[in-house]
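First the structure, in the form of structure tokens, and then the observations on it.
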Amino acid sequence: MKNFHILISLIFPTLFLFSCSVSLVLSFSPPHTDLQNQCLNDQKSALLQLHHDLYYAPNFTFSFKIELWDPNTDCCSWKGITCDAVGHVIGLDLSYKNLSGSFHSIFNLHHLQRLNLAGNNFNTTLFQYEFDRFPNLTHLNLSNSCFHGQIPVGISYLTRLVSLDLSNQDSCYLHNYQILDSNFWYDDFPYNLYQPLKLENPNFKSFIHNLRPLTELYLDSVNISTQSTKWCEATSIALHNLHVLSLSNCGLTGPFCSSLSRLPFLSKLFLGGNSISYLPPNFLEISSRLVSLSLVNCNLSGHFPTKILMFPKIESIDISENDNLGGQLPEFPLNNALRILTMSYTNFSGKLPESIGNLKFLTNLNLHVCKFFGQIPSSIANLTNLVELDLSHNNLSGFIPAFHRFGVPNLAYLCLWRNHLSGSINSSVFTLPSLQALDFSENQLFGEIDEVLNASSSLIEALYLGYNSFSSMKLDMFSQLKNLRFLDLSNTSLSIESNITSLAFPQLEELDLNSCNLTEFPDFIKTQDKLAFLGLSNNQIHGFVPNWLRKTTLLGLDLSFNAIDFSKEVPFGDANSSFPMLSVLYLQFCNLSMFPEFLKSQTSLEHLDLSNNKISGAVPNWVWKKSLRNLDLSNNSLSFLDQFSLNQSLTSSQGSLSRPICNLSQLGTLNVSFNKLTGPIPSCLGNISSLDTLDLQKNNFNGSIPDFAKATQLYWLQLNDNKLEGKLPRSLANCTILQVLNLYST
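Letter by letter, the sequence shown follows residues -27 to -1, 1 to 719 of mature numbering (1 follows the signal peptide of the UniProt record, and there is no 0).
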């Protein structure tokens, strides 16, 4: 359940993206206007028609009319409208209003210079709109508004454009699907339904040919793969005035060319998510004028020229997610301008230099999942502008520096998990005035923590201290942290007074007390009204799960590695009262001998793990929930996949329609390995388009391998050690991302 880095990305949007958004806001800030000049009638008519054609649509299924402006007032005074001295509308800003509908009437505003429709839900193509009717347009922002299809050639005729932003239409679709599905997982986004903006006809080279005044170009997530190797030369020839070039996730390949050095004003370069592979020989020359550089997930390898980190102008560098890119941090000079340094998921190694304390402007330092070793420099605790520090998952050792309120007053996120740090925790860290998230888990820390009681004013929302070697601690010592939403004390010698039912964590959403030698369900959980995820695995809890716990509105529950059971009695006389909102349930190694009957009433269950128990017989039909995404029943003594298998009197077609297992349209993982399952493999499994992992090994399945006509997302298929026969189905060739195929039988 713990996914700390996803949590932090929600709490702290990276300042790197913030700096980009600031530049956009500044670009579209309207000039001063004299509001006493009334707008012309034709201008007002066009705006009123626009008002009529638009509606509020926060997602794809819900909409209603919205009142943007008062038609009885001068349109030059309307919010988002800028007029010139004559009364012509020269600026229109309707950004981030969740609008949908048509905006054809805008094209009657022939004097328009600035148009910003970013952050809306139009969900349509741009091809129908005549952008070439804006001869005076200098700023155009259509980002994050759910546009798709070919970018119209008319935009390339806007020869006065200074700033163009068509980026991130995919994030708009992602946002809408998250709203529609509260249990949404990022990996579940139906990318097959999303068609991005693209530049094919015209292609990228033709599109930018006439846009020579451009100083800012944002085409992130626009598909320009047809020019994947020609973008660089075309840019350096056509866009001599460019200051900002942002082409992240555009399907580019090959290195960016040496000719980028011809762009004398280039200060911000964002190329993340493209297969750049390697850097040009004159990379340092290109970089010497840069203020911001992003090469995230560019498949880079070799040695990164760290001299760029010492250039006087550079403020932000992100080279994360390049697993084969290595290097060592240099000795940093005084007065370095660096504000953001992100190198997570790279092959960087060596010691962290003490001179890192010279980075007085540094706000974000992220070296997560690298190979750094040695001690954390004490100077890092005196970076007064530091907001985010992530040194997790390295080989760092020694003591944690003494972080205190005067050294790092702005520090909000401190993450040092999975290192080899030792010693005790300095109590001053809990009193940092801005701290909201702290993760010291999976280290070798010891001693007592006894000063949390003095932190009643703390802002800490997330606290992860699990898997260390602390002395015995009392749970109630953390109750002074009134803002706690996430608490992990796993694998600690935790003391919980059995009579404490009033222990209050008023904001607590996730609690992990795994491997804490608990012998019973803690009573204080009864009063945690906001608790959504509870982890109590690998304790010494035995007996029936109490009814009060079954009554809770938990979304996720992990009771694995306990000798527990579920009473057949319906709690409180209500058949639907057992975990009514459960989405995630882990019960592996619980010594269960039958499927818990409360599963019958579950309607939202997506992830179910009952592996390594003693369950036998047929899988009840009510286990096969349509909501299931991942199901693990491995290492039991099951004999039939469902109750249909017990009755072979139905015809094949009847069986396909009747079997609940054939209705799992969202299933991604099915693991029933190491059982005693017999009969043929259900042919309908090959029709589940979402299926990516299928493990049926070590059973007694017979017959032939079914066709996989629609299960084209399979990358893991284990059918070994069964009694299968016949030929391999040709349809396996459709599984183009298949990585594991095991058909061996002893």
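All C-beta atoms in this analysis are idealised placements derived from N, C-alpha and C, irrespective of residue type, glycine included. No experiment lies behind these values; they were computed from the predicted model shown.
On the CB-based measure, 16 or more other CB atoms within 10 Å of its CB, does residue i come out buried or exposed?
i    : result
E258 : exposed
A706 : exposed
P303 : exposed
F379 : exposed
G699 : exposed
K38  : exposed
I329 : buried
G659 : buried
N368 : exposed
W204 : buried
R312 : buried
W521 : exposed
C349 : Per the sequence shown, residue 349 should be read as Ile rather than Cys. Buried, since its Cβ has 16 or more Cβ neighbours within 10 Å.
Q409 : buried
L701 : exposed
G516 : exposed
N675 : exposed
K599 : exposed
E40  : exposed
S68  : buried
For residue i, does the three-state DSSP call read helix, strand or coil?
i    : result
I537 : strand
A375 : coil
W689 : strand
K524 : coil
Y386 : strand
H5   : Summary for H5: the model assigns pLDDT 44, below 50, so the residue's position carries little reliability; its value from the coordinates is reported in the next sentence. Correct three-state label for H5: coil.
N707 : helix
A477 : coil
S129 : helix
G659 : helix
C56  : strand
P633 : helix
Q712 : coil
F95  : coil
I349 : coil
D363 : strand
F321 : strand
W158 : With a pLDDT of only 43 at W158, under the threshold of 50, the placement of this residue in the model should not be trusted; the figure read from the coordinates follows. Residue state, collapsed to three classes: coil.
H84  : coil
F76  : coil
G299 : strand
H25  : helix
M446 : strand
Leaving out the 5 sequence neighbours to the left and right, which residues in its chain are closer than 6 Å to residue i when beta-carbon positions are compared?
i    : result
P4   : With a pLDDT of only 47 at P4, under 50, the local geometry of the prediction cannot be trusted, and the value read off the model is given with reservation. Result list for P4: empty, nothing under 6 Å.
N339 : T315, S317, D363
L667 : L643, L690
G300 : H276, F277, T279, F321
L273 : N295, L298
Quick test of your reading: residue i and residue j, contact by CB under 8 Å. State the CB separation rounded to the nearest angstrom.
i    : j    : result
L307 : K286 : Not a contact, Cβ separation roughly 16 Å.
L170 : Q142 : 5 Å
N416 : H393 : 7 Å
L476 : D449 : 6 Å
N456 : S431 : 7 Å
S365 : D412 : 7 Å
F539 : F552 : No, F539 and F552 are not in contact; Cβ-Cβ is about 10 Å, not under 8 Å.
S704 : L669 : That belief does not hold up - the Cβ atoms of S704 and L669 are roughly 17 Å apart, past 8 Å.
Please return the same chain residues whose Cβ sits closer than 7 Å to the Cβ of residue i, not counting the five positions on each side in sequence.
i           : result
residue 720 : With the chain represented from -27 up to 719, any question about residue 720 goes unanswered, as that position is not in the structure.
D615        : A591, V592, N594, W597, R632, P633, I634
T202        : T226, G227
K573        : W595
F229        : C205, L244, I249, P253
K447        : S468
A375        : A354, N399, S401
R391        : S365, H366, E415
Ordered along the chain, which non-local residues of its own chain (more than five positions away) have a Cβ less than 8 Å from that of residue i?
i    : result
L268 : L244, G245, I249, D291, I292, N295
Y164 : Annotation note: pLDDT 41 at Y164 (below 50); position unreliable, no value reported.
Inset, instruction - Specify whether the region 117 to 130 and the region 53 to 62 touch according to this definition: at least 3 beta carbon pairs, one from each stretch, less than 8 Å apart. - result: no
Legend entry - Any 3 or more C-beta pairs closer than 8 Å across the region 557 to 565 and the region 589 to 599: no
Inset, instruction - Determine, using beta-carbon pairs with one atom in the region 190 to 198 and one in the region 129 to 141, whether at least three such pairs fall under 8 Å. - result: yes
Legend entry - Cβ pair count under 8 Å reaching 3, the region 69 to 83 against the region 17 to 28: yes
Legend entry - Three-pair Cβ contact test at 8 Å for the region 39 to 49 versus the region 76 to 86: no
Inset, instruction - Indicate whether the contact test is met: 3 or more Cβ pairs, each with one atom in the region 175 to 184 and one in the region 93 to 102, closer than 8 Å. - result: no
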